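Q: As numbered in my numbering, residues 12 to 97 make up the sequence shown, in order. No residue lacks a Cβ here, since even glycine has one placed at the ideal position from N, Cα and C. Note that the structure is a prediction, hence the values are computed from the model and not measured.
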Amino acid sequence: MLNDFWETAPPAYKYAVFGGMGLTFIGIVIIILGAISSTPSMTFIALPFIGVGLLAHMASLGLRGHNIRKEMKAAEKREAARDGKK
12 MLNDFWETAP PAYKYAVFGG MGLTFIGIVI IILGAISSTP SMTFIALPFI GVGLLAHMAS
72 LGLRGHNIRK EMKAAEKREA ARDGKK
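1) Under the three-state reduction of DSSP, which class applies to N78: helix, strand or coil?
2) Would DSSP call D94 helix, strand or coil?
3) On the three-state DSSP scale, how would you describe A20?
4) Identify whether S71 lies in helix, strand or coil by the three-state DSSP scheme.
5) According to DSSP, is T102 helix, strand or coil?
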């Protein structure tokens, strides 16, 4: 079984990724609806959705990096303990 990151990712990372994708999608849909209905104010309403979606994606990258650093540190400790027993 492959041990990829998504299987071992913390729930906060998954929520941030899907939340960011959802907010970005909602913003894009609002912009498209504003363009179709010739309502320029809708495009300005959509910008915060896209901005918050992008910020959520950036936060998820930070969560992922933090989790990877924590796992690498734990693996180094396990390896050092294993080498110390030899």
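A: Working from what's here:
1) Locating residue 78 in the sequence shown gives position 67, counting from the first residue. Helix.
2) Locating residue 94 in the sequence shown gives position 83, where the first residue counts as 1. It is helical.
3) Residue numbering aside, residue 20 sits at position 9 when the sequence shown is read from its first letter. Coil, per DSSP.
4) By 1-based counting over the sequence shown, the position of residue 71 is 60. Helix, per DSSP.
5) Given that the chain is displayed from residue 12 to residue 97, the structure contains no residue 102 and the question cannot be resolved.
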